[in-house]
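Chemist: This structure is in structure tokens; I'll ask about it shortly.
Residue numbers (this note's numbering): 98 to 343.
What follows is the structure, encoded as structure tokens:
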């Protein structure tokens, strides 16, 4: 069982639904939109919100336990256990696609380029694509980086996250859930960072234009010297007869 499967039941306590995130996302949904895709949906709370607002919503996640939890909690959206690299197999087009929670860096740099191309292919002309990651421009200037401990609910479990072996090619991501000095479970995975200029370049090459770039969902201006995060908002410049992107 993977760390993310073990973590599924704790996910919403660690990363609860936030109105500010939903408000940010809704701000960029194009007028007349009907279909929304959450790529890397976790337990699906933003899918649930979009569905409650009348959208046709698809949520995908690679982890079957996450999808099981999402289906139990939010019956209205369509949830599929699917790698984000396979979004091209979904019936499109979509009007709005988002990928939040630092999902993207689980892909190698080459895989992310492919993923962005697949998003371009399933997004309608003028559609919007949002993804959120940590601020790699900041993290890559440090050999290690520890997130603030996060206490989950009234049970007192503490979620710990740390980056080690930080390099331009990959970063070791260590996670632990601790309760009463006992480790409930822990994870150890590699992440694959890209700097802002690389993200911008590969999106230009795939027919996107940058609409906005913020540090967080409160629309704080992005800065390379801040550890707040990085939220990109792109719009498809493609036409209906454009060549599919790789």
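Cβ atoms here follow ideal geometry from the backbone N, Cα and C, with glycine treated the same way.
1) Is residue 153 helix, strand or coil by DSSP?
2) Within a Cβ cutoff of 7 Å, which residues of the same chain sit near residue 344, ignoring the five residues on either side of it in sequence?
3) Mark residue 250 as exposed unless 16 or more other C-beta atoms lie within 10 angstroms of its C-beta, in which case mark it buried.
4) Starting from the C-beta of residue 109, find all residues in its chain whose C-beta is less than 6 Å away, skip the five residues before and the five after it, and write them out in chain order.
5) Just confirm the distance between the C-beta atoms of residue 131 and residue 192, as a whole number of angstroms; I'd bet it's less than 8 Å.
6) Classify residue 260 as helix, strand or coil using the three-state DSSP reduction.
7) Compute the distance between the beta-carbons of residue 276 and residue 254, then report whether it is under 8 Å.
8) Can you tell me whether residue 189 is buried or exposed? The criterion is at least 16 other CB atoms within 10 Å of its CB, across all chains shown.
9) Here's the rule I'm using: 16 or more other beta-carbon atoms within 10 Å means buried, otherwise exposed. How should residue 319 be labelled?
10) Taking all protein chains shown into account, do 16 or more other C-beta atoms lie within 10 angstroms of the C-beta of residue 137, making it buried, or fewer, making it exposed?
11) Within 8 Å, do at least three Cβ pairs link the region 206-213 to the region 288-306?
12) For the candidate residues 226, 146, 164, 160, whose alpha-carbon lies nearest to that of residue 333?
13) How far does the beta strand (DSSP E) with residue 230 in it reach, from first residue to last?
14) Any chance the region 146-158 sits against the region 167-175, with 3 or more Cβ pairs inside 8 Å?
15) Which value, in whole angstroms, describes the spacing of the CA atoms of residue 260 and residue 268?
Modeler: In this structure, then:
1) Locating residue 153 in the chain shown gives position 56, where the first residue counts as 1. Residue 153: strand per DSSP, three-state reduction.
2) There is no way to answer for residue 344, as the model of the chain reaches only from 98 to 343.
3) Position 153 of the chain shown, counting from 1, holds the residue named residue 250. Its Cβ having fewer than 16 others within 10 Å, residue 250 is exposed.
4) In the chain shown, counting from the first residue as 1, residue 109 sits at position 12. Excluding residues within five positions, the ones whose Cβ falls inside 6 Å are 140.
5) Numbered from 1 along the chain shown, position 34 holds the residue referred to as residue 131. Numbered from 1 along the chain shown, position 95 holds the residue referred to as residue 192. Their Cβ separation, rounded to whole angstroms, is 6 Å, which keeps residue 131 and residue 192 in contact under 8 Å.
6) Position 163 of the chain shown holds residue 260. Three-state result, residue 260: strand.
7) Here the question's residue 276 lines up with position 179 in the chain shown. Here the question's residue 254 lines up with position 157 in the chain shown. Yes.
8) For the purposes of this step, residue 189 is taken as the residue at position 92 of the chain shown. Buried.
9) Walking along the chain shown from the start, residue 319 turns up at place 222. Classification for residue 319: buried.
10) Your numbering for residue 137 matches position 40 in the chain shown. Residue 137 should be labelled buried.
11) The region 288-306, when compared against the region 206-213, does touch it at the 8 Å Cβ threshold.
12) Your numbering for residue 333 matches position 236 in the chain shown. With distances taken between CA atoms, residue 333 lies nearest to 226 out of 226, 146, 164, 160.
13) On the chain shown, position 133 is the one that residue 230 refers to. Counting along the chain, the unbroken beta strand (DSSP E) around residue 230 starts and ends at 220-230.
14) yes
15) Mapped onto the chain shown, residue 260 falls at position 163. Mapped onto the chain shown, residue 268 falls at position 171. For residue 260 and residue 268, the distance between alpha carbons rounds to 6 Å.
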